[in-house]
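Its first residue numbered 865, the first sequence is counted upward by one per residue in our numbering.
Single-structure report; data block below.
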Amino acid sequence: MKTHLQQLITQALQQLRQDGALGAAELSSIPLERTRDRAHGDYASNIALILAKAAGRKPRELAESIRSALPASDHVAKVDIAGPGFINFFLTPTAYHAVVDEILRRSDAFGRSTLGHGRRVQVEFVSANPTGPLHVGHGRGAAFGATVANLLEAVGYQVHREYYVNDAGRQMNILAASLWLRYLEHCGEQFPFPSNGYRGQYLCNIAARFYAEHGGAYLVSAQQVFRDLPQDEIRNAAGDIVTPGDKELYIDAVVERARVLLGDHRYRFLFEVGLNAILDDIRDDLGEFGVIYDEWYSERVLTERGAVNKTLHRLRDAGYVYEREGALWFRSSAFGDEKDRVVERENGQTTYFASDIAYHLEKFERGFDWVIDVWGADHHGYVPRVKAALQAIGENPDRLDVLLVQFAILYRNGERAPMSTRSGEFVTLRELRQEVGNDAARFFYVMRKSEQHLDFDLDLAKSQSRDNPVYYIQYAHARVCSVLKQLREKGLSRDEQRGQAHLTRLTEPHEEGLLIALTRYPEVVEMAALNHEPHQLAHYLRELANAFHTYYNEHRVLVDDDALRDARLNLSLATRQVIKNGLALLGVSAPEVM
RNA sequence: GCCCCGAUAGCUCAGAUGGAUAGAGCGCACCCCUCCUAAGGGUGAGGCCACAGGUUCGAAUCCUGUUCGGGGCACCA
């Protein structure tokens, strides 16, 4: 509908331009928006206000010319000039009735468009290090990223969903060593656990399984393991340092010791076991959450293929790499970054940043027209340097969009819920999902603008009342299903054609409001997709559900009058369809009974 | 210190590209509810859009400064 009106305006402008009534005025797109007040019609354009100056005419006068040049349309009842020069469009009832037919005809496809023209976009999200289970912070990135991907797909992009697995590097070695130490504990060895090791319970569980399968095949005495290591930093239960030491140096020494004592083959095996166990867990977790990836991209594979070295060479050839204090630096400051960044450390190891440049370069080389990264807001300082690197290599950094997601804070009984347990483990995504359910979790996570802190009310998410937006929306869907059931129980049948032919009977204000809400859906999807703002869809669905519930409370659908009943049924079914489609994009189920 | 994000009703938050009288939910106040199509329905009070300047026909929205929050400023990942 919106594009239809825009076309009308465009034609009018062409007409005026031919007549020389526009001067030099030029516009890239036709401004048109929904009115907030019904008295202003359905759509309004401020185009006359914008063009007035360039055209050298008074706004209202210009608006009047545009109006008279507008071609006639079945959907437009009248056009008003109002205020300083707004052009207000009033739609005919048939314009609204047409949407009911369109919804019922296109069903699951209603709201989808071809705006993206099949352009390839990659959405990379979550990408948490496989060193432990996902926590509630990752959950927001998962829900947000998945929904953004769904939205882009809905408006016609070819979307590739990807998880970047940081399975190389120091943290993974620390994980492998930690797993080994837990395993040794199962063998009966006793020793203080390194303060910088991974201490989570999940690792003990993996170690227990490993012990059950391999017995003592990886056993080395604690005495041998910890002989002549540097001093660890030791804290008491209150967190005060009891014995000062260098925990980083210490844990690196423990890793090195594990490598030496286990030998390359056994060490690699243990490493794989730990990595796979955790990655499987993450994959299952996300899968249950309705978050499915097209690809899990391994940093290790990237590195082993030589992509990192190749990238560093390209940077060097471009003249942006120099040596200082034994390390290799990338001159990112030449591209607006605050300072230069190390890409290869003094000890010869490339940094995480280096592989990240290689990874992003690889994304571009894989032919994506557009690359989207979803990161935690705490990584925002990282954006300029990645873009700088891409630019240095000769890629267009504007093809990369980094979306930042703020933290979620859990609330229980009106108070901030602790995000980690006494043992220092975070509340996991799985625990959250088990507590509030997948649907509520998916919805609540995207209910707020992503750059906004999210207060996650656990009690509200669990409640079965209209206060809970998820419940309220799903209930609207179930209610229509219930009406159909009632229809059958009454021995009545439905005639869609008859309903369609009598949509003119829908004259109640509630019905008009509902019709208007339905026509908005494709615009909401488009806007939410292009601006990466799933919350717009979430808000819209709540409004739509509200429009339906108030209508439903006020009027009966199953009236004796066949024509009116069928018309109302069509309207109800169209509403159900749109709710179903919208919830599907959010990854939320649309139950038929509740 | 520098950088990023935020500040809108008592609370939690919407207000795309500057537009017409700034919205929703909760809470609060009042009213209705043995009709049913379920765990209620309705009404409306509540605002210096953090503050001060600026840009223009017009600013919650753009610019500058200030205040208060959150985050970031590694040869960590």
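Note that the Cβ used here is the ideal one computed from N, Cα and C, for glycine as well.
- Rounded to the nearest whole angstrom, the C-alpha separation of residue 1275 and residue 1396 is 26 Å.
- Between residue 1226 and the set 1170, 899, 1337 and 1090, the nearest pair of CA atoms involves 1170.
- Around residue 880, the same chain offers 886, 929, 930 and 933 as residues with beta carbons nearer than 8 Å, after the five sequence neighbours per side are excluded.
- Contact between the stretch 993–1006 and the stretch 958–969 is absent: fewer than 3 CB-CB pairs across the two stretches fall below 8 Å.
- Straight-line spacing of the CA atoms in residue 974 and residue 1044 works out to 54 Å.
- Collapsing the DSSP output to three states places residue 1338 in a helix.
- Looking at the DSSP output, residue 1240 sits in a beta bridge with 1269.
- For the options 1316, 1308, 952 and 900, the alpha carbon positioned closest to that of residue 1322 is the one of 1308.
- Beta-bridge annotation (DSSP): residue 1160 is paired with 1027.
- With 16 or more neighbouring CB atoms inside 10 Å of its own CB, residue 1026 falls in the buried class.
- Under the three-state reduction of DSSP, residue 1215 is assigned to coil, being neither helix nor strand.
- The three-state reading of DSSP puts residue 970 in helix, counting H, G and I together.
- Taken in chain order, the complete alpha helix (DSSP H) segments of 4 or more residues contained in the stretch 1101–1161 are 1111–1152.
- A check of alpha carbon separations from residue 999 across 1117, 1142, 940 and 1194 identifies 1142 as the nearest.
- By the Cβ test, the stretch 1313–1322 is in contact with the stretch 1263–1274, since at least three Cβ pairs between them sit closer than 8 Å.
- Under the 8 Å Cβ criterion, the stretch 979–988 does not count as touching the stretch 1242–1250, having fewer than three qualifying pairs.
- In the structure shown, the three-state DSSP call for residue 1445 is helix.
- Under the 8 Å Cβ criterion, the stretch 1426–1433 does not count as touching the stretch 1029–1046, having fewer than three qualifying pairs.
- Take the alpha-carbon of residue 950 and the one of residue 944: they are about 8 Å apart.
- Residue 1224 has its alpha-carbon roughly 50 Å from the corresponding atom of residue 1346.
- Judged by beta-carbon spacing, residue 1293 lies within the 7 Å limit of residue 1149, meaning their Cβ atoms are closer than that value.
- The continuous beta strand (DSSP E) containing residue 1206 extends over residues 1205–1208.
- Taking C-alpha positions only, residue 1410 is separated from residue 1441 by approximately 15 Å.
- Per DSSP, the beta-bridge partners of residue 1188 are 1191.
- For the set 1289, 1401, 942 and 1016, the Cα lying nearest the Cα of residue 981 is the one of 1016.
- With 16 or more other Cβ atoms from the protein chains shown falling within 10 Å of its own Cβ, residue 1306 counts as buried.
- Assignment of residue 999 by DSSP, reduced to helix, strand and coil, places it in the strand class.
- Taking residue 1018 as the centre and dropping the five residues before and after it, the same chain places the C-beta of 975, 976, 977, 1389, 1393 and 1449 closer than 8 Å to its C-beta, in chain order.
- Counting C-beta atoms within 10 angstroms of its own C-beta, residue 865 has 16 or more neighbours from the protein chains shown and is therefore classed as buried.
- Look at the beta carbons and you see the stretch 1190–1198 not touching the stretch 1124–1135: under three pairs across the two are nearer than 8 Å.
- For residue 988, the enclosing beta strand (DSSP E) stretches over residues 984–988.
- Look at residue 1397 here: in three-state DSSP terms it is coil, with no helix or strand label.
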